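Numbering (the numbering used here), first residue to last: 319 to 463.
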């Protein structure tokens with residue numbers, strides 16, 4: 319858990335950057351971008367902006383180039399709107415959440431298929447021996463008497 323002040327600053331940076339990407343940055347390489355998170359270091363000197371892009375690898379590469387070229391404008395606007403003594407440097411990082419979520423969905427689908435297979439095999443199966451292989455304690459006591 320970080321400094322509560324920097325948590326608020328991170329939320330403000332998220333709103334400012336998202337607004338700029340929507341309204342001010344007119345780079346044709348910029349795809350459909352969503353700012354997912356902003357994290358600030360403990361000293362407040364560096365901010366990492368996580369984003370996702372709809373589309374394939376070409377759109378991601380174009381968006382990364384557009385964000386790199388607009389980094390100075392974005393940082394100066396963030397500094398003006400925040401009014402801080404020192405404006406943190408901004409680094410844009412592609413968020414891997416969609417890829418990880420797709421991989422998890424794939425794994426869950428495989429697990430569901432295996433569970434359905436086991437359930438279908440168990441449908442008509444019978445026990446190899448008795449249904450309850452353990453003898454109750456009462457029967458043991460009566461047998462000894």
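The C-beta atom is built at its ideal place from N, Cα and C for all residues, glycine as well.
Because the structure is a prediction, the values reported are computed rather than measured.
query, result
"Runs of alpha helix (DSSP H) wholly within the stretch 367-453 (minimum 4 residues, chain order)", "375-387, 389-400 and 415-441"
"Assigned exposure category for residue 451 - 16 Cβ within 10 Å defines buried", "exposed"
"Residue 369 beta carbon less than 8 Å from that of residue 396", "no"
"Own chain partners of residue 409 with C-beta closer than 6 Å, once the 5 adjacent residues on each side are dropped", "366"
"Residue closest to residue 371, alpha-carbon to alpha-carbon, out of 446, 358, 353 and 340", "353"
"Short Cβ contact (8 Å threshold) for residue 356 with residue 328", "yes"
"Cβ neighbour criterion (16 or more within 10 Å) applied to residue 445", "exposed"
"Residue 407 classed as buried or exposed, judged by whether at least 16 other C-beta atoms fall within 10 angstroms", "exposed"
"Residue 412 vs residue 378 beta-carbon contact at 8 Å", "yes"
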